[in-house]
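This report refers to the structure that appears directly beneath it.
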Amino acid sequence: MNTEAQLSHAARSGATLSPSPHDFLGIDSLLSEEELLLRSTVRRYVEERILPHVADWYEQGTLPAREIASDLGRLGLLGMQLSGFGCADSSATAYGLACLELEAGDSGVRSFMSVQGALAMFPIWAYGSDEQRERWLAQMATGEAIGCFALTEPDSGSDPASMRTTARRDGSDWLLNGTKLWITNGSVADVAVVWAQSEDGVRGFLVPAGTPGFAASDIPRKLSLRASVTSELSLVNVRLPADAALPGVAGMRGPLSCLTEARFGIAFGAVGAARTCYETALQYSGERNQFGGPISRFQLTQQKLVEMMIGVQRGMLLALHLAKLKDAGRISPAQVSFGKLDNVRMALEAARSARSVLGANGITLDYPIMRHMNNLETVITYEGTHEIHTLVLGQALTKQSAFG
Amino acid sequence: MRQRHTHAQRRSSVARRDLPFRVAIRGRRQHNQGVKIAVCVKQIPDPANPGRLDADGKTLARDEKLILDESDSYGVEMALQLAEAAGGEVVLVSMSPTGEVGGIRTALAMGADAAVIISDDALAGSDALGTAKVLAAALRRTQPDLILTATESTDGYTGTVPAQIAELLSLPSVTFAKSVEVGSDGLLVRRQAEYGYDEVACPLPAVVSVTAGVVEPRYPSFRGIMAAKSKPTEMLTLAGLGLEPSEVGWTGARQRIIDVSPVPERGGGEICEDDGTGHERIVALLEELKVL
């Protein structure tokens, strides 16, 4: 694992004749001192607290969610891009770098942060009442309370508007009925942001854990994102007071705006997963001897390493550019789709290529490669599938919708 | 005077000597000002990188980005915990010949309140005593109730600076602390020893070196990182401290570096073929190493 100083050295010597394998284009020079310190802090956290355990978590299919929540809360990463309520009002670049370093550890840990900050805290912050914000945001920022985001259903994935979960008025109360599936943090959440069809279109509801009729069960037998809690939520005549609804939004714009927030983080996060795969392959190929020398001397291996390195560097430039657009308030959802689509695709290719460099060792949990590769099979599907993002871009180019 | 013990907790004390500044912690706390803790910190080249020598081949090159010496992070953490418990402030004191502040920012991001940095071209080449003189002069201005240091730096490893600072300031020196309690009448330090620990009572101010690993240094929070840049950072020169260039740096150093040579390469080790008795050789080897 390279260090801050090496990276910085690379940044300074970017103009010399020997670029660093860890920052070939000297991209670190684009980052501020604070951003570099944030990055090295989160990287150190991942190296010290996540990497020693993540293979075991993965094998056992668990994540110590409470512990991670409180760690990330202390680091100030939960809802860091929001303002007020103990949130740090960070730049998009800083938020992205935190996602990148967490996902360099494991996509499950980054997913935790994305769901908490972008999918659960963001809608409460953006569309919630003052009471809702007061009740939840500060304790979600510290990790004391965990949130989840319930949009997807068994029969409603890429087409969320087809959801069957309903919210009916019953006097001044709401009655919620339906099933939500593939809900990250579902069974560990203290509050679920549940999206349901109402007479005013799709509305968001804050459902505290333990509300009668509301139950969560974990999805067993996953082969991807195993160090992550994924649940099914069931809502049977869940009675909520009138003020459980998010007052600030109605229609699909609500959940889709949250997803745009989360996808932005994935554009960075995927670069982290790819970087780990590339660096693992680079190191391994220099140490693995076959035919009387390191396999890094073979042309085929070098080609794989070079393609991985180019992918990581290009993905980083793309992510940083999107962050600039976001900070300037000029980013469109289709541009975020570009970032999610291209960087996750790049990361998955890097993982597969790195796996081949590591040979049989690549399939074990002794190395991070197969874990990342399996995780990325989820990442390329969730938060808008690769196909849907392709069609979003197609629509942006042609002004014709190929879906819906 | 100190006493050694393994289980029983007996107190001993370091006699109060003639102190150049006497700040009774009891008085401070009565006035609700809390305790002022200075932590001496050093910025070093990242030990994860292969070190390089300066052009003269005698000293470690420090022209790259420097980081907070990890061994200092324990003193910073301990100071933050003490200041949080008793109220008060934590001030970093550091000598930075090149003016680099990146590593000090890390400690500020952890939560330290302010930093005093001594930067001067004449500091290059300072030996341990020269460093102690500079830090002592800065500490004299800062007037802390308690001075914490690491036991030694990770790049220099002399381990003499803490005691030198104490001597220069005529303060009690307690080394290798594993825990520090600030009471109303001074300090209670558990001092790590091979046989267990010493419990040392000591008046304030005092210089205490903190053993690495005795507390878990916190990670800087994002808010801490953003706040670090705007925390008070005083940059001082030698003249500002009333020190002569001749007292420090190459000219003031009483240590001469004669030669620096690389550590001899390690041999290939012993390879023994297992003919069924391999385990005996392993046991014998472990016994030779005195680990069994």
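Chains as they are written, first to last, in the working numbering: chain Z, 1 to 404; chain Y, 1001 to 1292.
We treat Cβ as the ideally placed atom computed from N, Cα and C, and that holds for glycine.
In this structure the segment 1235-1244 of chain Y does not touch the segment 1184-1204 of chain Y; the number of beta carbon pairs closer than 8 Å is below three. Ranked by how close their Cα comes to the Cα of Y1219/Y, the residues E261/Z, K399/Z, V42/Z have V42/Z in first place. Sorting E1077/Y, R1141/Y, R1191/Y by C-alpha distance to the C-alpha of S1173/Y places R1191/Y at the top. The C-beta distance from G1102/Y to K1065/Y rounds to 6 Å, short enough to meet the 8 Å contact threshold. F403/Z carries a coil assignment under DSSP once its states are collapsed to helix, strand and coil.
Think of a sphere of 7 Å around the beta carbon of R1281/Y: no beta carbon from chain Z falls inside it, the nearest being about 26 Å out. In terms of Cβ geometry, A1115/Y and P1097/Y do not form a close pair [threshold 9 Å]. Among the residues facing chain Y, L31/Z is not included, as its CB has no counterpart in that chain under 9 Å away. Going by beta carbons, G79/Z and F85/Z fall inside the 9 Å limit.
Under the 8 Å Cβ criterion, the segment 254-269 of chain Z counts as touching the segment 318-325 of chain Z, having at least three qualifying pairs. Residue range 173-184 is occupied by the beta strand (DSSP E) that includes T179/Z. Inclusion of V207/Z and V188/Z in the CB contact set at 9 Å is not warranted, their separation being larger than that value. Among the residues facing chain Z, G1102/Y is included, as its CB has a counterpart in that chain under 9 Å away. 9 Å or more divides the Cβ of L30/Z from the Cβ of C87/Z. S1221/Y has a beta carbon lying within less than 9 Å of a beta carbon in chain Z. Looking from the CA of A1086/Y, the closest CA among G1249/Y, I1165/Y, P1245/Y, G1034/Y belongs to G1034/Y.
At least one CB of chain Y lies nearer than 9 Å to the CB of S90/Z. In this structure, the alpha-carbon of Q395/Z lies about 16 Å from that of D159/Z. Bounds of the alpha helix (DSSP H) holding V1134/Y are 1128-1142. Cβ neighbours of G1249/Y within its own chain (closer than 7 Å, five residues either side excluded): A1122, L1123, A1124, G1125, S1126, G1130. Taking the Cβ atoms as the reference, M370/Z lies roughly 12 Å from G359/Z, outside the contact range of under 8 Å. Under the three-state reduction of DSSP output, C1272/Y falls in the coil class, being neither helix nor strand. Assignment of A1055/Y by DSSP, reduced to helix, strand and coil, places it in the coil class. If you ignore the 5 residues before and after M1095/Y, its C-beta comes within less than 7 Å of the C-beta of I1118, L1123, T1131, V1134, L1135, all in its own chain and listed in chain order.
Contact between T1158/Y and A1177/Y does not hold, since their C-beta atoms are separated by about 18 Å, which reaches or exceeds 8 Å. Between A242/Z and S231/Z, the C-beta spacing is not below 9 Å. Using a 10 angstroms sphere on the CB of K1290/Y, the tally of other CB atoms stays under 16, which defines it as exposed. Interface annotation, M1235/Y: not in contact with chain Z, CB-CB separation never under 9 Å. Rounded to the nearest whole angstrom, the CA to CA distance from N374/Z to E279/Z is 18 Å. If you ignore the 5 residues before and after C258/Z, its C-beta comes within less than 7 Å of the C-beta of A118, L119, F122, P123, F149, all in its own chain and listed in chain order.
With contact defined as three or more Cβ pairs closer than 8 Å, the segment 1038-1048 of chain Y and the segment 1071-1079 of chain Y are in contact. With at least 16 other beta carbons inside 10 angstroms of its own, E383/Z counts as buried.
Not one beta carbon of chain Y lies nearer than 9 Å to the beta carbon of A351/Z. Within the segment 1063-1094 of chain Y, E1064, K1065, L1066, I1067 place their CB atoms closer than 9 Å to a CB of chain Z, listed in sequence order. Beta-bridge annotation (DSSP): I1118/Y is paired with M1095/Y, L1236/Y. Inter-segment contact for the segment 223-237 of chain Z and the segment 53-63 of chain Z is present: three or more beta-carbon pairs are separated by less than 8 Å.
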